[in-house]
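S.K.: In UniProt numbering, the protein residues as written are 1 to 127. Glycine included, every Cβ here is placed at the ideal spot set by N, Cα and C.
1) Quick one: give me the first and last residue of the alpha helix (DSSP H) that residue 3 is part of.
2) What's the C-alpha gap between residue 30 and residue 20?
3) Which residues in the same chain have their Cβ closer than 8 Å to the Cβ of residue 6, if we skip the five residues on either side of it in sequence?
4) To the nearest angstrom, how far is it from the Cα of residue 103 to the Cα of residue 60?
5) For the alpha helix (DSSP H) that residue 80 lies in, which residues bound it at each end?
6) When you compare the CB positions of residue 48 and residue 38, do they come within less than 8 Å of one another, or not?
7) Residue 81 and residue 65 - do their beta-carbons sit closer together than 8 Å?
8) Under a Cβ-count criterion, where at least 16 other Cβ atoms within 10 Å of its own Cβ denotes burial, should residue 11 be classed as buried or exposed?
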């Protein structure tokens with residue numbers, strides 16, 4: 001994760017750490033994903049997520065948004081809803097203590113935002 005990506009992740013963390021104790025509860029971490037619910041219907045669609053990811057929060061590009069959305073949509077119903085949130089929290093709560101600290105958040109966020117390498121993106125020149 002680049003420095004600017006890390007800074008944006010810290011801003012997201014701070015924005016949802018409502019009690020400012022440097023640990024996110026399930027409810028606070030849910031807030032990260034619900035920030036993308038622009039029409040407040042408790043469902044984050046791929047379009048909402050991609051638009052806010054790229055245009056509002058300037059976190060990354062469209063491919064990265066699509067990749068992260070697919071990973072966060074744990075039940076593969078093409079939306080992020082309350083059904084996905086407990087699994088997302090479990091992913092971030094690495095030590096299982098019931099909260100997510102900044103280190104856990106940055107580590108796991110960085111892993112989520114890494115785009116998988118596709119074989120056709122690699123070119124090899126044989127000598």
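M.R.: The relevant details are as follows:
1) 3–16
2) 16 Å
3) 106 and 110
4) 20 Å
5) Unbroken run through residue 80: none, as it is neither H nor E.
6) yes
7) no
8) exposed
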